[in-house]
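According to this note's numbering, numbering within the sequence shown proceeds without interruption in unit steps and concludes at 297. Yeah, the Cβ is synthetic: ideal placement off N, Cα and C, and Gly gets one too. All values derive from a computational prediction rather than experimental measurement. Below you'll find the structure, written out as structure tokens, and then a few comments.
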Amino acid sequence: MTTEATAEFEAHRPRLFALAYRMLGSASEAEDAVQDAYLRWSAADASAVRTPAAWLTKVVTNLCINRLTSARARRERYVGPWLPEPVLTHTADRRLGPLETAEQRESVSFALLTLMERLTPAERAVFVLREAFGHSHRDIAEVIGVEEAHSRQLHRRARERLGGAPRRHFAVDAAQRAKLVERFFAATLDGDVAGLERLLADDVVAWADGGGRATAARRPVTGRAKVLRYLLGLGTRPEAASVRAEFVEVNGEPAALFLVGEDLLAVVVPEIREGRVGAVRTVINPDKLAFAAGQLV
């Protein structure tokens, strides 16, 4: 492959990763999909490709559709709740693309990526291409090999499965949201019962993804009283005394990393709704922490 063809692919790599991650909810699988696309690009006659961006978008999207088909069976056997792989988005490389607007942050949020597990691979492809990347239905139909009317139908069905438009919990001022999240973690780490009671929504839900590789609740913990006990219980674990928290941005949201020394043990992402914590999503599966840990190096 020529130097020019390699440079052409590398210019598109960040966008292709951002697309694949939204499709798969997994940073490691997204990297694999992009690498597979690179191999196909290497084998193709790049000079004969009229529009490289469109060609590569089609290749990556269809690679992801194939991966989602097999991933569905694996996730049905997954131990406990499944959550996306966290990606640090405060770093200079901006792996997931621009996140300046509420809509852009929403497209990579843990809440939406988890909800998108409800979709078929084709529905997810149409939803991501339309909502996150603004492609027309004519272009999307070309990418996934369907009629334009079918693309519209898949998009409508995806929005219905997701409960209509994504929830805009990012509408809250970013600085205010970050303050609430820091107060939440401070109250949790200090064992401040009254503070947590004020911060937790009545219908708050806590998920923990250990994937059978780390000790975690196998089912969601629901309701303020149960989540309060769950959070306070975490602080009584023997390893809690040696853990330090680092506040960062994960998937466009204020979050915390919990580390022992240089080892990343957990990523915790609270979701703020109407000025309170409405959900807490914790990833402790070491396999899913590997990408974020690599970003810290």
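Pair within 7 Å by beta-carbon distance, residue i and residue j
i: cysteine 216; j: glycine 210; result: Residue identity check: residue 216 is alanine in the sequence provided, not cysteine. Yes, the pair counts as a contact, with Cβ atoms nearer than the cut-off.
i: asparagine 285; j: valine 108; result: no
i: valine 248; j: leucine 257; result: yes
i: leucine 63; j: leucine 16; result: no
i: threonine 61; j: alanine 125; result: yes
i: arginine 244; j: leucine 265; result: no
i: alanine 279; j: valine 205; result: yes
i: isoleucine 272; j: arginine 198; result: no
i: tyrosine 21; j: alanine 33; result: no
i: leucine 83; j: arginine 281; result: yes
i: alanine 18; j: leucine 129; result: no
i: leucine 154; j: glutamate 123; result: yes
Rounded separation between residue i and residue j - CA only
i: aspartate 173; j: alanine 241; result: 33 Å
i: glutamate 76; j: glutamate 117; result: 11 Å
i: valine 59; j: aspartate 139; result: 13 Å
i: phenylalanine 184; j: phenylalanine 291; result: 25 Å
i: threonine 298; j: phenylalanine 9; result: The first residue shown for the chain is 1 and the last is 297, placing residue 298 beyond what the model contains.
i: alanine 141; j: serine 151; result: 6 Å
i: glutamate 246; j: aspartate 36; result: 34 Å
i: isoleucine 144; j: tyrosine 230; result: 44 Å
i: alanine 43; j: alanine 54; result: 17 Å
i: alanine 11; j: tyrosine 38; result: 12 Å
i: glutamate 131; j: threonine 236; result: 43 Å
i: leucine 88; j: arginine 156; result: 31 Å
i: alanine 165; j: alanine 158; result: In this prediction, alanine 165 has a pLDDT of 49, which is less than 50 and means its spatial position is unreliable; what the coordinates show is noted afterwards. Answer to the nearest angstrom: the Cα atoms are 10 Å apart.
The beta strand (DSSP E) enclosing residue i, as first and last residue numbers
i: aspartate 203; result: 200-209
Reduced DSSP secondary structure (H/G/I, E/B, other) of residue i
i: isoleucine 272; result: strand
i: glycine 191; result: coil
i: glycine 294; result: helix
i: glutamate 262; result: coil
i: alanine 133; result: Note that residue 133 is phenylalanine in the sequence shown, not alanine. Three-state DSSP puts phenylalanine 133 in coil, outside helix and strand.
i: glycine 233; result: helix
i: arginine 94; result: coil
i: leucine 257; result: strand
i: alanine 174; result: helix
i: alanine 279; result: strand
i: threonine 222; result: strand
i: phenylalanine 9; result: helix
i: leucine 88; result: strand
i: valine 128; result: helix
i: valine 267; result: strand
i: tryptophan 55; result: helix
i: tyrosine 21; result: helix
i: isoleucine 284; result: coil
i: serine 109; result: coil
i: proline 14; result: helix
CB contact below 7 Å: residue i versus chain D
i: arginine 40; result: Within the model displayed, chain D is absent; a lone protein chain is all it includes.
Burial state of residue i (16 or more Cβ within 10 Å)
i: glutamate 253; result: buried
i: tyrosine 78; result: exposed
i: serine 26; result: buried
i: leucine 196; result: buried
i: glutamate 147; result: exposed
i: glutamate 4; result: exposed
i: glycine 163; result: exposed
i: glutamate 106; result: buried
i: arginine 72; result: exposed
i: leucine 228; result: buried
i: alanine 111; result: buried
i: arginine 67; result: buried
i: leucine 296; result: exposed
Bounding residues of the alpha helix (DSSP H) (the contiguous stretch that carries residue i)
i: arginine 244; result: From DSSP, arginine 244 is part of no alpha helix (DSSP H) but of the beta strand (DSSP E) over 244-250.
i: leucine 39; result: 27-43
i: serine 151; result: 148-161
i: arginine 118; result: Run containing arginine 118: none; DSSP gives neither H nor E here.
i: alanine 102; result: 102-106
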